[in-house]
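Chemist: Number 112 marks the last residue of the sequence shown (the UniProt record's numbering); no jumps.
Backbone N, C-alpha and C fix where the C-beta goes; we use that ideal spot for every residue, glycine too.
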Amino acid sequence: METIGFEDFLKVELRVGQVVAAEPFKEARKPAYVLHVDFGPELGVRKSSAQITDHYQPEELVGRQVVAVVNFPKKQIGPLMSECLVTGFHDQNGAVALCIPDKTVPLGTRLL
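1. What separation, rounded to the nearest whole angstrom, lies between the Cα atoms of phenylalanine 69 and aspartate 38?
2. Measuring alpha carbon to alpha carbon, tell me which of Phe72, Gln92 and Glu27 ends up nearest proline 79.
3. Give me, in chain order, the residues of the same chain whose beta-carbon lies closer than 8 Å to that of leucine 35; leave out the 5 immediate sequence neighbours on both sides.
4. Quick check for students: name the residue ranges of the beta strand (DSSP E) that lie wholly in the UniProt domain "TRNA-binding" (8 to 112), counting only runs of 3 or more.
5. Is the separation between the beta-carbon of valine 16 and that of proline 101 shorter than 9 Å?
6. Return the Cβ separation of leucine 98 and glycine 88 in integer angstroms, given the expectation that the two are a contact with Cβ distance under 8 Å.
7. Drop a sphere of 10 angstroms on the beta-carbon of valine 105, count the other beta-carbons inside from all chains shown, and report buried for 16 or more, exposed for fewer.
8. So is phenylalanine 25 buried or exposed if we call it buried at 16+ other beta carbons inside 10 Å?
9. Using only the alpha-carbon positions, how far apart do aspartate 91 and aspartate 54 sit?
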């Protein structure tokens, strides 16, 4: 594992957002959802593609808080322009489980 300096870590903007909409990403090569995540008044709502279909249904994602990187450049994923990277962990079967705060926190709060 490569080590990094604290300054490198500080460059990554990991923020809490709330999923306000989720729908199947029909054009994706692998099963995925398009998530619309609200990061509060400073950052607003951003879109992301998330391959989390094994553990979640779209309707149960709405209202859930998630942790995302918000300062990566936008990335074109098929017809979607992804504006953030929602984080998660692979389980023992390779399916993704979301990285979420265990308590409700204000939208846009930065992980430190």
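Modeler: To lay it out plainly:
1. Within the sequence shown, numbered from 1, the residue matching residue 69 stands at position 69. Within the sequence shown, numbered from 1, the residue matching residue 38 stands at position 38. For the sequence presented, residue 69 should be read as valine rather than phenylalanine. Rounded to whole angstroms, valine 69 to aspartate 38 spans 13 Å at the Cα level.
2. Reading the sequence shown from its first residue, position 79 is the one you call residue 79. Considering only alpha carbons, the answer is Glu27.
3. By one-based count along the sequence shown, residue 35 stands at place 35. Val19, Ala21, Ala22, Lys47, Ser48, Ser49, Ala50, Leu61, Val66 and Val86.
4. 14 to 24, 33 to 38, 45 to 50, 65 to 69, 75 to 77, 80 to 82, 88 to 90 and 96 to 98
5. Mapped onto the sequence shown, residue 16 falls at position 16. Mapped onto the sequence shown, residue 101 falls at position 101. Yes, the pair counts as a contact, with Cβ atoms nearer than the cut-off.
6. Numbered from its first residue, the sequence shown carries residue 98 at position 98. Numbered from its first residue, the sequence shown carries residue 88 at position 88. At roughly 5 Å, the Cβ-Cβ gap stays under 8 Å, so leucine 98 and glycine 88 are in contact.
7. Counting from 1 along the sequence shown, the entry for residue 105 is found at position 105. So valine 105 counts as exposed.
8. Taking the sequence shown and counting its residues from 1, the one referred to as residue 25 is at position 25. It counts as buried.
9. Stepping through the sequence shown from its first residue, residue 91 is reached at position 91. Stepping through the sequence shown from its first residue, residue 54 is reached at position 54. Cα-Cα distance, rounded: 10 Å.
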